[in-house]
Each structure stands twice: as C-alpha cells, then as structure tokens.
Amino acid sequence: AQRVTQPEKLLSVFKGAPVELKCNYSYSGSPELFWYVQYSRQRLQLLLRHISRESIKGFTADLNKGETSFHLKKPFAQEEDSAMYYCALRGQGGSEKLVFGKGTKLTVNP
Amino acid sequence: NAGVMQNPRHLVRRRGQEARLRCSPMKGHSHVYWYRQLPEEGLKFMVYLQKENIIDESGMPKERFSAEFPKEGPSILRIQQVVRGDSAAYFCASCSALSYEQYFGPGTRLTVT
Chain W
1 AQRVTQPEKL LSVFKGAPVE LKCNYSYSGS PELFWYVQYS RQRLQLLLRH
51 ISRESIKGFT ADLNKGETSF HLKKPFAQEE DSAMYYCALR GQGGSEKLVF
101 GKGTKLTVNP
Chain B
1001 NAGVMQNPRH LVRRRGQEAR LRCSPMKGHS HVYWYRQLPE EGLKFMVYLQ
1051 KENIIDESGM PKERFSAEFP KEGPSILRIQ QVVRGDSAAY FCASCSALSY
1101 EQYFGPGTRL TVT
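In structure tokens:
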C-alpha cells in the first residue's frame, strides 16, 4: 500500500534557525516524491520534486531509499516560510495520482 | 492564464440535497484530478479523468458520488443525497499530457447541515 507519513502536525522555529520537516513513505517500487506548500489564503503549489534535485526558496529534500524518507530542510528559516507543507508520493505507471501526508504546519517566529 | 478555477468556493447543502462542484482546468490541460480533504487530514485522491473518459475512480465512494469531464465545459463532481460526513474541502488539479505536474485549484468547501 502507498502511504506517506508526516509525524509532526505542528512545527515552530525562530527566524534564522534551521528547519527540517519530516516525511516517510511506504511504497514497494520506486516512487516519485514531492513537497507541496500552501501559504495562508493561497492554493496548494508544488515546492520541489526529488527528480529535479534543485533548491527552491532555500529548501532542499533528499530521497533516502534506505530509510524511505524525503525530509525537507532549510538552513535558515524566514518568516515568509510559515505555511502548511505536504509531502506527496506518486507511484510508477498507473494514473499518476498523488498520495499525500497529513501535512505539517510550520510557523517561523520573529 | 488564470490557473485552475473551481466554483463555488463555498457551498452549503442540507442533508439529502445534491452538491455539484465545478472545475475548469488550466488552458491546454486535458487531465483532471479530484481530491478530498477532511478536517485534520491530508488530501485523498478520488478520481482521475481525461476529456470524456474516467481513467481511475478507485478513490470514489461507490454510492452517491460521480464525476464527469465532458468534451466542452468544466469537470463536474456530483454528490447526491449529501450527508454530514461529506463536509470537506474538495480540490481539483489539472495537468497536461506532456508534463504530469499537477496544478491545484483553490478548492470548494462543502458544508452539509
């Protein structure tokens, strides 16, 4: 079964501190992993995907197949990073549907 | 490009009524996904459609729910005889055949009283 787990419902850090949002997944094959972000009063939008291996807004995420994890990291959090973050998985082939975690609400305090 | 449009943004229905949720994909996108988000939960896949075809409806409840994506016009998610448990946010996403990156609409918040 495909499953995405985000163990932290809420995460609060101070501006300038490092932040890590955890994501673990369960999938028998080689999935594609994504991080989506939803800022206040805005729609859900793609932040990054593991295939592209790029850094967006200072965020990076590395796929660790051994630990089945795809944690999102940023070395120095900014207040504008406050948002809901969802980790998502897409399996190979099939309908390309996304399986989402429950999300982590990140608050960056001044 | 206005992005994915959903309407209405908020919908209130009494138990037993019908709810119709509309989704207009981004220009050039022929694939539509519907997801449901219950309170305190992540988005859960419901159905995947291409123009005039249902490709995957494995996430749709067996009864009362249906979806269509006609050749012309928006995709419609229809819920008949709504119950309180249908209260949720319903999100639509679209993508093109060339890139499977999904772009999300703002959602429709359904409240059943």
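Top to bottom, those sequences are chains W and B.
My numbering numbers the first residue of the first sequence as 1 and each following residue consecutively.
My numbering numbers the first residue of the second sequence as 1001 and each following residue consecutively.
Note that CB positions come from ideal geometry on N, CA and C, so glycine has one too.
Bear in mind that the values here come from a model prediction, so they are computed numbers and not experimental data.
Bridge pairing for A77(W): absent [DSSP]. For Q1017(B), there are no neighbours in chain W by C-beta distance under 7 Å, as the nearest C-beta there is about 27 Å away. At a cut-off of 8 Å between beta-carbon atoms, Y1048(B) makes contact with chain W. Remark: C-beta atoms of E32(W) and R49(W) approach each other more closely than 8 Å. Residues of the segment 1023-1043 of chain B with a C-beta atom less than 9 Å from some C-beta of chain W are H1031, Y1033, Y1035, Q1037, E1040, E1041, G1042 and L1043, listed in chain order.
With 16 or more other Cβ atoms inside 10 Å of its own Cβ, T104(W) counts as buried. At least one C-beta of chain B is nearer than 8 Å to the C-beta of L46(W).
For L21(W), the closest of L98(W), L44(W), G29(W) and Y36(W) by C-alpha to C-alpha distance is Y36(W). Listed in chain order, the non-local C-beta contacts of Y85(W) below 7 Å within the same chain comprise L21, W35, V37, L72, G103, T104 and L106, local neighbours out to five positions each way being set aside. For Y39(W), same chain residues with a beta-carbon under 7 Å away, outside a window of 5 residues either side, are A83 in chain order. Residue pairing by DSSP places Q45(W) opposite V37(W) in a beta bridge. At least one beta carbon of chain B lies nearer than 8 Å to the beta carbon of R43(W). Non-local C-beta neighbours of V4(W) in its own chain, meaning closer than 7 Å and more than five positions away in sequence, comprise C23, Y25, C87, A88, L89, V99, F100 and G101, ordered along the chain.
Straight-line measurement puts the Cα of P110(W) at about 43 Å from the Cα of A1097(B). Chain order gives the chain W residues near Q1102(B) as L98, where near means a beta carbon separation below 7 Å. Residue contact check for F1091(B) against chain W: a CB pair falls below 8 Å. Between the C-alpha atoms of I51(W) and E8(W) there is a straight-line separation of about 24 Å. Comparing alpha-carbon positions, the option among Y1100(B), T1108(B) and V1112(B) lying closest to Y1048(B) turns out to be Y1100(B). In the DSSP assignment, Y27(W) falls outside any beta strand (DSSP E), carrying neither H nor E. Taken atom to atom, the span from the alpha-carbon of F59(W) to that of G1059(B) is near 32 Å.
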